[in-house]
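Asks: In the working numbering, the protein residues as written are 624 to 742. Even for Gly, the Cβ is constructed at its ideal location relative to N, Cα and C. None of these values were measured; they are calculated from a predicted model.
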Amino acid sequence: MSEPTTQLLRGTLHVLILRVLSEGEAHGYEVATHLAERTERVFDLEDGALYQALHRMEARGWLVSEWGHADNGRRARFYRLTEEGHRRLELETASWLRYSRAVARVLLPPGEAPEPAGA
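1) Suppose the cutoff is 7 Å on Cβ atoms and the five residues either side in sequence are ignored; what does the same chain contact list for alanine 725 look like?
2) Quick one: residues in its chain with C-beta nearer than 7 Å to the C-beta of arginine 679, no 5 flanking neighbours on either side, listed in chain order?
3) Using CA coordinates, which residue listed in Leu720, Gly647, Thr635, Trp719 is at the minimum distance from tyrosine 702?
4) Leaving out five residues before and five after methionine 624 in sequence, what residues of the same chain have Cβ atoms less than 7 Å from its Cβ?
5) Closest by CA to asparagine 695, which one among His637, Glu707, Tyr652, Glu663?
6) Tell me, which residues are paired with histidine 637 by DSSP?
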């Protein structure tokens with residue numbers, strides 16, 4: 624039997640990128656590496672999806688970017704959150720946590736589902 628495919632639900636990639644960048648500016652490869660490591664490679668992003676998301680988020684005013692040099696000396700575009708990006712991260716995090724708790728309440732046996740935040 625093959626392993627199920629893990630696909631990011633619509634909008635998830637944005638909140639994950641925002642969370643990574645809330646820890647400081649990073650270039651795309653760093654963002655992808657961080658997400659892959661932190662999710663134990665469940666989310667191993669393709670470059671195209673990552674950079675399309677970064678460009679969308681920059682167009683929406685959630686990120687700004689500037690050229691710099693990565694540790695390996697290569698030129699890279701570094702992204703960081705704007706104030707609007709920080710606000711969006713708070714809103715999206717609350718929404719996704721609420722959503723994931725609701726899904727867990729259906730999928731897990733009674734008594735094993737996570738308690739609501741603040742409970």
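Replies: Straight from the coordinates:
1) Your numbering for residue 725 matches position 102 in the sequence shown. None.
2) Your numbering for residue 679 matches position 56 in the sequence shown. Exclusion of the five residues before and after arginine 679 leaves no residue of its chain whose Cβ lies closer than 7 Å to its Cβ.
3) For this step, residue 702 is matched to residue 79 along the sequence shown. Out of Leu720, Gly647, Thr635, Trp719, the CA that lies nearest to the CA of tyrosine 702 is found in Gly647.
4) On the sequence shown, position 1 is the one that residue 624 refers to. In this predicted model, methionine 624 has a pLDDT of only 47, less than 50, meaning its place in the structure is not dependable; the value taken from the coordinates is given anyway. Around methionine 624: no qualifying Cβ.
5) Walking along the sequence shown from the start, residue 695 turns up at place 72. Residue Tyr652 is the option with its Cα nearest to asparagine 695.
6) In the sequence shown, counting from the first residue as 1, residue 637 sits at position 14. Partner(s): none; histidine 637 has no beta bridge.
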